[in-house]
Structures are given as C-alpha cells and as structure tokens.
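One structure is given below, encoded as structure tokens.
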Amino acid sequence: MSIYEQALNQTFKTLEDVKTALYKVYNHDVINSISKRIKTPESLINKMQKKHYEINFKNIIDNINDVAGLRIACPVKSDIYTVIGIIEQMPNIKIIERKDYITRPKKSGYSGYHLIIETPVTVNEQNVPVKVEIQIRTMAMDFWATNEHKVRYKTNKKLSNFDSKRLTAYAKIINILDDKIMEIYNKQELA
Ligand code: 0O2
Numbered sequence: 041m042s043i044y045e046q047a048l049n050q051t052f053k054t055l056e057d058v059k060t061a062l063y064k065v066y067n068h069d070v071i072n073s074i075s076k077r078i079k080t081p082e083s084l085i086n087k088m089q090k091k092h093y094e095i096n097f098k099n100i101i102d103n104i105n106d107v108a109g110l111r112i113a114c115p116v117k118s119d120i121y122t123v124i125g126i127i128e129q130m131p132n133i134k135i136i137e138r139k140d141y142i143t144r145p146k147k148s149g150y151s152g153y154h155l156i157i158e159t160p161v162t163v164n165e166q167n168v169p170v171k172v173e174i175q176i177r178t179m180a181m182d183f184w185a186t187n188e189h190k191v192r193y194k195t196n197k198k199l200s201n202f203d204s205k206r207l208t209a210y211a212k213i214i215n216i217l218d219d220k221i222m223e224i225y226n227k228q229e230l231a
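Taking my numbering, the leading residue of the sequence shown gets 41, the next gets one more, and so forth.
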C-alpha cells in the first residue's frame, strides 16, 4: 500500500503544480479542485469479489486499477480536455487506459473522463511502475456523482426504481447545463 501512497502523493503534487501553472496562464481556474484517496480494504475486497478474483496481492496489482485514485473537478467541460492534453505530455506519466464517459455517459447517467496512468516509484533503488486512476469531471458532474454515490451506497436501504430514474434524468439535465455554460464561456472567449 505504501507504494500506491507514494504514487498517489507524487501524482497529486504534480497535478497541484499544473493547477497553479494553468491559473497563471489563463488567469482563472481551469482546475477547481483535486482530491485523492486510497481505496479502503473493504471497498477493495468488494471489488475483487465482484470481479471473481481470488484475494491476493498479485491479483490486486494486476487487476485493480484504482487502488490509488485522484479526482479532478473543472469548472467547464472544455477544461477537461485542456487537463487531459497536459497529462498526455507529462514525462513521468504513461497513460495505459482511457474511459470516455463524457461522449458516452454510463447507463446511470454518470459522466466523466477516466485515465489509468502508470508512474514510476522508487523501491529498493529501482523504479517500479505503479497504476493510478485519474477521474476528470466538471464541478456539476462531480456534484451529481458525489450525491448519487451517497444515496445509492451509503445506506442499507435499496434505492427505489423511481429515485434511480430521477437521478439518471438529473444527470442529463446537468449535462445540458454543462454545455450551456460552456457556450457562454466560448462567447466570452474564456474556454
Ligand atoms: P469508488 O468508491 O469511487 O472507488 P475498472 O475499475 O476499470 O476495473 P469499473 O469499476 O467498471 O472497472 O470502472 P469504471 O466504470 O471506470 O468506474 C470506476 C469508478 O468510476 C467508480 O469507482 C466510481 O468512482 C466512478 N463511477 C462509475 N460509475 C459510476 C456511477 O454510476 N455513479 C457514480 N457516482 N460513480 C461512478 P468505484 O470503485 O465504483 O467506487
């Protein structure tokens, strides 16, 4: 786990520097916030069981891509692509997988761009590539996802079909709002 923590902390620091640099260039925030987390043992075991893997370290390293996770929230949809463009150029970051839930939102309505990256961590004077998941979404998408996750998973009560459908509908509304806000930004040449 300390290897994942090292990978997470160094990538977090790099992205914080990107946030500061972007502010200097654009004179407004392109990244609103960055958060980081290591998956809890409980959540890790749940995921392993869901995917029918025997629980051991090798299977975790080989098959679970989001033990270390970072989340970036941007004010505007187009900011997401500015951030991806920068991550693509970073010398210590190798993108190994992408999931574009912005072009194609999930059935739940979830929208965001996921990158699985590898970054080198020094262990016993050797560089070991470690996987980190970076989720990039708008502040509005982040608001939806945080609350949807809370109402769906943070209680023992199953979400009703009615409320599940409502949440999907609200995600669609948020998607429309994101596009409208971007339109205004474009008009003002801020995006
Ligand atoms: P947590 O607690 O956020 O870590 P893979 O990870 O590629 O093996 P998976 O899990 O299907 O397979 O990957 P995917 O689809 O990229 O989703 C991973 C993460 O995206 C989830 O992690 C959530 O953080 C987020 N996510 C995906 N779909 C939804 C959704 O419908 N609602 C919300 N709120 N978040 C979503 P975890 O491990 O599920 O949870």
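All residues carry an ideal CB built from backbone N, CA and C; glycine is no exception.
Keep in mind it's a predicted model, so treat the numbers as computed, not measured.
(1) Roughly how many angstroms separate the alpha carbons of residue 91 and residue 106, rounded to a whole number?
(2) Sort 194, 196, 180 by Cα distance to residue 216 and report the nearest one.
(3) Give the straight-line distance between the Cα atoms of residue 45 and residue 77, rounded to the nearest whole angstrom.
(4) Whole angstroms is fine: what's the gap from residue 198's alpha carbon to residue 192's?
(5) Buried or exposed for residue 153, please, with buried defined as at least 16 other CB atoms from any protein chain shown within 10 angstroms of its CB.
(6) How should residue 267 be labelled, buried or exposed, when 16 other C-beta atoms within 10 angstroms of its C-beta is the threshold for buried?
(7) Cβ of residue 148 within 7 Å of any heavy atom in ligand 1?
(8) Can you have a look at residue 129 and say buried or exposed, based on whether 16 or more other CB atoms are within 10 angstroms of its CB?
(9) Roughly how many angstroms separate the alpha carbons of residue 55 and residue 208, rounded to a whole number?
(10) At a cut-off of 7 Å, would you count residue 105 as near ligand 1, judging by its Cβ distance to the nearest heavy atom?
(11) First and last residue of the alpha helix (DSSP H) that includes residue 121?
According to the structure shown:
(1) In this structure, the straight-line span from the alpha carbon of residue 91 to that of residue 106 is close to 14 Å.
(2) Ranking 194, 196, 180 by Cα distance to residue 216 puts 180 first.
(3) Their Cα atoms are separated by approximately 9 Å.
(4) C-alpha separation (whole angstroms): 7 Å.
(5) Buried: at least 16 other Cβ atoms inside 10 Å.
(6) Outside the displayed span of the chain (41 to 231) sits residue 267, for which this structure offers no information.
(7) Yes, the beta carbon of residue 148 sits closer than 7 Å to at least one heavy atom of ligand 1.
(8) So residue 129 ends up on the exposed side.
(9) Pairing residue 55 with residue 208, the inter-Cα distance amounts to about 31 Å.
(10) Yes, ligand 1 has a heavy atom inside 7 Å of this Cβ.
(11) From DSSP, the alpha helix (DSSP H) with residue 121 extends over 117-129.
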